[in-house]
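Take a look at the structure set out below.
Numbering (this note's numbering), first residue to last: 304 to 691.
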């Protein structure tokens, strides 16, 4: 029987590459449901090619054109809205859910998928950033596996396979450093979104690429790694690795280090999450170590405050990572729309973390309230242009 997959965010970078994996292994996998936020044209194109049982467009404004575009495909059910996103993951035939939505919006559908006992292939890091304790508790309660899709967390996961209960000394989380790692503070004052979107090694969506430039993405991954692997943040070390060849590593208590290496290709971690514990053939470029230097540098947390704030947020705990994420989503979009400068992003996030009510033991309602409050405060601060 083919494994039935629901892709939350099928039109994004991860979603499109996941469909390539499904196409390459059509004897094993089938797209049961595809979803998108706004890109109904590409969603319709994907639906015509992969013939899923259902598609969901989150933005209800695009329901009518999507229905019209799929009028000749009566077997494909078309739904719209946030509620439909949370309901589709519960469909009985689905075996696994790839959460490839960007941002806070991925939280509720992931919770519903866990409660429906679907295997989770997690590409939406914000789910664990915002509500890591809640998600991990639910996964244990419903006995649902969460398999990482981020290249760094997949690398750690692959390095841990076969290690059983062997004690970990620290996790080594690598990152390219983004396009601005060699710029000084004065130069960073003048960079714009088009500069930030020129990532040196990875082809990603706009939001994640900006987060990579500010190192907030790496900060989120530290928080995600804490929850995925049960390792305190002070045992998670970030290394700037410009070549993006070592995707991350694990250092054990005997000093031995295991790492996963490969070319920058997200299809590998996506496929590994789908097929674990099996490894399947993957067509594509192979790593040639004779052509690749391997360099490592310490990140500059004075210049890139976002990484330091992520460590501060996880140390504080409670709803503080939720505040961090919400404020970041606001300023990330603001920077892309020329509403705030690159350096102002960190300043606004820091100020928001000081202003939003802190809750040490949040539940889902508190997370939702916190997210709304943090977005409002960050938006107000950005509009006042205090930090530009």
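No residue lacks a Cβ here, since even glycine has one placed at the ideal position from N, Cα and C.
Identify the continuous beta strand (DSSP E) that holds residue 551 and give its terminal residues. 549–555
Mind reading off the beta-carbon distance from residue 371 to residue 384? Whole number of angstroms is fine, and I expect it under 8 Å. Not confirmed; about 18 Å, so no contact.
Exposed or buried, residue 523, counting other C-beta atoms within 10 Å across all chains shown (16 or more means buried)? buried
Would a C-beta distance cut-off of 8 Å place residue 528 and residue 459 closer than the cut-off? yes
Can you tell me which of 682, 353 and 382 puts its alpha carbon nearest to the alpha carbon of residue 367? 382
Out of 574, 325, 603 and 374, which one is the CA nearest neighbour of residue 347? 374
Taking just the CA atoms, how far does residue 425 sit from residue 622? 21 Å
DSSP has residue 382 in a bridge; who is on the other side? 359
What's the C-alpha gap between residue 561 and residue 379? 45 Å
Only counting the same chain, and skipping five residues up and downstream in sequence, which positions put a Cβ closer than 8 Å to that of residue 342? 314
Taking 8 Å as the threshold (C-beta atoms), are residue 618 and residue 587 in contact? no
Which runs of the alpha helix (DSSP H), 4 residues or longer, sit entirely within the region 621–661? 623–639 and 645–658
Could you work out which residue in 641, 680, 445 and 326 is closest to residue 353 when comparing CA atoms only? 326
In chain order, what residues of the same chain have a beta carbon less than 6 Å from the beta carbon of residue 678, not counting five sequence neighbours either side? 629 and 633
Is there contact here, the region 581–598 with the region 540–549, by at least three beta-carbon pairs under 8 Å? yes
Are residue 624 and residue 432 closer than 8 Å when you measure CB to CB? yes
Is the separation between the beta-carbon of residue 322 and that of residue 334 shorter than 8 Å? yes
For the region 487–494 and the region 632–647, state whether three or more C-beta atom pairs, one from each stretch, are separated by less than 8 Å. yes
CB of residue 476 within 8 Å of CB of residue 541, strictly: yes
Where residue 513 sits in the DSSP three-state scheme: helix
How about residue 387 and residue 405: are their beta carbons less than 8 Å apart? no
Rounded to whole angstroms, what is the Cα-Cα separation between residue 355 and residue 537? 44 Å
Considering only their Cβ atoms, is the gap separating residue 447 from residue 417 smaller than 8 Å? yes
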